[in-house]
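Quick notes on the structure that follows.
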Amino acid sequence: MPMTALTTPTRFAESNGRRLAYRSIGEGQPIVLCTRFRGNLDVWDPAFLDALAAGGLRVITFDYSGLGLSTGTRTYDAASLAKDAHDLIEALELKNVIIGGWSLGGIAAQLVIALYPQRLSHAVLIGTTPPGPMVKPPEQLFYDTARLAEYGIEAEEILFFEPKSALSRAAARRSVDRIAQRQDRSVPVPVDFAANHLGTGPKGDVFPAVAVLELLKRTTLPILHIGGDHDIIFPVENWYALNQLLPTVRLLTFPSAGHGPHHQHPQAAADAIVSFVREPHLA
1 MPMTALTTPT RFAESNGRRL AYRSIGEGQP IVLCTRFRGN LDVWDPAFLD ALAAGGLRVI
61 TFDYSGLGLS TGTRTYDAAS LAKDAHDLIE ALELKNVIIG GWSLGGIAAQ LVIALYPQRL
121 SHAVLIGTTP PGPMVKPPEQ LFYDTARLAE YGIEAEEILF FEPKSALSRA AARRSVDRIA
181 QRQDRSVPVP VDFAANHLGT GPKGDVFPAV AVLELLKRTT LPILHIGGDH DIIFPVENWY
241 ALNQLLPTVR LLTFPSAGHG PHHQHPQAAA DAIVSFVREP HLA
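The following block contains the structure:
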């Protein structure tokens with residue numbers, strides 16, 4: 001039987017004096033997924049990962065240096081997270097890579113595009129922010145909720161779904177139940193480490209990298225962003241404000257959804273990614 005997101009073992013790649021913990025399922029073109037703030041190997045919905053694998057992709061998730069089961073120096077510096085992804089890609093000798101990222105991981109993925117584009121074919125960004133000035137900042141509710149020591153179901157609904165929608169709340173419970181089924185688990189991100197990097201509220205632009213924005217205006221790399229219409233962390237409005245400025249960026253926005261649209265709609269999100277990657281004129 002093929003391995004699934006719940007059953008595949010954790011492996012380790014040696015790179016520059018550290019061990020990067022990763023998991024891999026599926027066969028085919030590789031997609032390397034950078035995780036969210038406070039995320040580790042275990043926070044991805046297995047239904048989403050399995051759907052990507054069923055679509056013919058090799059799906060690789062990993063823990064950042066010094067976090068989860070990886071060794072090395074922990075940091076939330078986005079350039080360092082991008083280097084983790086790059087080093088893993090090189091250690092596994094991957095080619096024709098789809099670089100992906102959720103939330104903070106989406107910022108890291110954009111830096112992979114900017115700093116290490118040589119092995120990339122596409123980029124898939126989920127619930128993240130574009131570089132440069134923001135037209136709509138994160139909501140205070142995110143900062144208040146993200147600081148909690150543990151995320152119960154109500155926090156999950158607030159952070160990653162749309163609490164106003166009964167359908168979204170039901171999807172949150174299904175997703176949380178699926179994620180909890182993994183037995184062999186990674187190590188949670190320390191709460192104090194995460195809180196020290198969070199801040200207490202919105203303070204200016206989240207990703208003030210004008211050079212990266214200028215690069216996205218010129219790149220030929222096909223980029224897909226998947227968002228929810230009410231993302232309290234990285235409002236999708238910031239992507240739509242760049243309409244006609246980013247020629248290779250496609251936007252897919254799910255209604256009545258929040259910061260984790262791929263957990264609310266795991267099959268639809270995976271199908272959209274596979275279709276995006278398979279389009280001949282974008283390859």
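Going by full-length UniProt numbering, the residue at position 68 of the sequence shown is 68; the numbering climbs one at a time, nothing skipped.
Ideal Cβ positions, reconstructed from N, Cα and C, are used throughout, including at glycine.
- [ ] Would you please state the rounded distance, in angstroms, between the beta carbons of Gly100 and Leu33? I believe it to be under 8 Å.
- [x] Indexing the sequence shown from 1 puts residue 100 at position 100. Indexing the sequence shown from 1 puts residue 33 at position 33. Right, their Cβ atoms sit about 4 Å apart.
Open item on the list: Here's the rule: buried if 16 or more other CB atoms are within 10 angstroms of the residue's CB, otherwise exposed. What is Leu81?
Closed with: For this step, residue 81 is matched to residue 81 along the sequence shown. By the neighbour-count rule (16 or more Cβ atoms within 10 Å), Leu81 is buried.
Open item on the list: Quick check: the Cα distance between Gly199 and Arg178, rounded to an integer number of angstroms?
Closed with: Sequence index remark: in the sequence shown, residue 199 carries index 199 (1-based). Sequence index remark: in the sequence shown, residue 178 carries index 178 (1-based). Taking the straight line from one Cα to the other gives about 30 Å.
- [ ] Classify Trp239 as helix, strand or coil using the three-state DSSP reduction.
- [x] Translated into positions along the sequence shown, residue 239 becomes position 239. The answer is helix: DSSP assigns Trp239 an H, G or I state.
TODO: Measure the CB-CB distance between Ser103 and Asp84 and report whether it falls below 8 Å.
DONE: One-based indexing of the sequence shown puts residue 103 at position 103. One-based indexing of the sequence shown puts residue 84 at position 84. Cβ distance not < 8 Å, so Ser103 and Asp84 don't count as in contact.
- [ ] Please list, in chain order, all residues of the same chain as Leu282 whose beta carbon is under 6 Å from its beta carbon, the five residues on each side excluded.
- [x] As a position in the sequence shown, residue 282 is number 282, starting the count at 1. Any reading at Leu282 must be qualified, since the residue scores a pLDDT of 47, below 50, and its modelled position is unreliable; no value is offered.
Task: CA-to-CA distance, His263 to Thr253, given in whole angstroms - done: Translated into positions along the sequence shown, residue 253 becomes position 253. Translated into positions along the sequence shown, residue 263 becomes position 263. Computed Cα separation, rounded: 13 Å.
- [ ] Return the Cβ separation of Phe207 and Pro131 in integer angstroms, given the expectation that the two are a contact with Cβ distance under 8 Å.
- [x] Walking along the sequence shown from the start, residue 207 turns up at place 207. Walking along the sequence shown from the start, residue 131 turns up at place 131. At roughly 5 Å, the Cβ-Cβ gap stays under 8 Å, so Phe207 and Pro131 are in contact.
Open item on the list: Quick check on DSSP: helix, strand or coil for Glu27?
Closed with: By 1-based counting over the sequence shown, the position of residue 27 is 27. Correct three-state label for Glu27: coil.
TODO: Leaving aside the five residues before and after Arg185 along the sequence, list all residues of the same chain whose C-beta is less than 7 Å from its C-beta, in chain order.
DONE: Numbered from its first residue, the sequence shown carries residue 185 at position 185. Asp42.
TODO: Using only alpha-carbon positions, find the residue among Val210, Gly201, Gly260, Val249 that is nearest to Glu157.
DONE: Translated into the one-based positions of the sequence shown, residue 157 becomes position 157. When only C-alpha atoms are compared, the closest one is Gly260.
- [ ] Could you spell out the range, first to last residue, of the alpha helix (DSSP H) harbouring Thr145?
- [x] For this step, residue 145 is matched to residue 145 along the sequence shown. 140 to 146 is the span of the alpha helix (DSSP H), which, as asked, contains Thr145.
Open item on the list: Pop quiz: Leu57 and Ile31 are said to be a contact at Cβ under 8 Å. What is the actual Cβ separation, rounded to whole angstroms?
Closed with: The count along the sequence shown starts at 1 and reaches residue 57 at position 57. The count along the sequence shown starts at 1 and reaches residue 31 at position 31. About 5 Å separates the two Cβ atoms, so the contact holds.
Open item on the list: Checking 8 Å against the spacing of the C-beta atoms, do Asp63 and Ala21 come in under that value?
Closed with: Counting from 1 along the sequence shown, the entry for residue 63 is found at position 63. Counting from 1 along the sequence shown, the entry for residue 21 is found at position 21. In this structure, Ala21 lies closer than 8 Å to Asp63 by Cβ.
Task: Contact check, Val187 vs Gly68, beta carbons under 8 Å - done: Numbered from 1 along the sequence shown, position 187 holds the residue referred to as residue 187. Numbered from 1 along the sequence shown, position 68 holds the residue referred to as residue 68. Yes; because the gap between Cβ atoms is below 8 Å, this pair is in contact.
Open item on the list: What does the Cβ neighbour count give for Gly201, buried or exposed, with the cut at 16 atoms within 10 Å?
Closed with: Here residue 201 corresponds to residue number 201 of the sequence shown, with the count starting at 1. Exposed: under 16 other Cβ atoms inside 10 Å.
Task: Contact under 8 Å by Cβ, Ala123 with Asp50 - done: In the sequence shown, counting from the first residue as 1, residue 123 sits at position 123. In the sequence shown, counting from the first residue as 1, residue 50 sits at position 50. Not a contact, by the Cβ cut-off of 8 Å.
Open item on the list: Using 8 Å as the threshold, is the C-beta distance between Asp45 and Ser175 below it?
Closed with: By one-based count along the sequence shown, residue 45 stands at place 45. By one-based count along the sequence shown, residue 175 stands at place 175. In this structure, Ser175 lies closer than 8 Å to Asp45 by Cβ.
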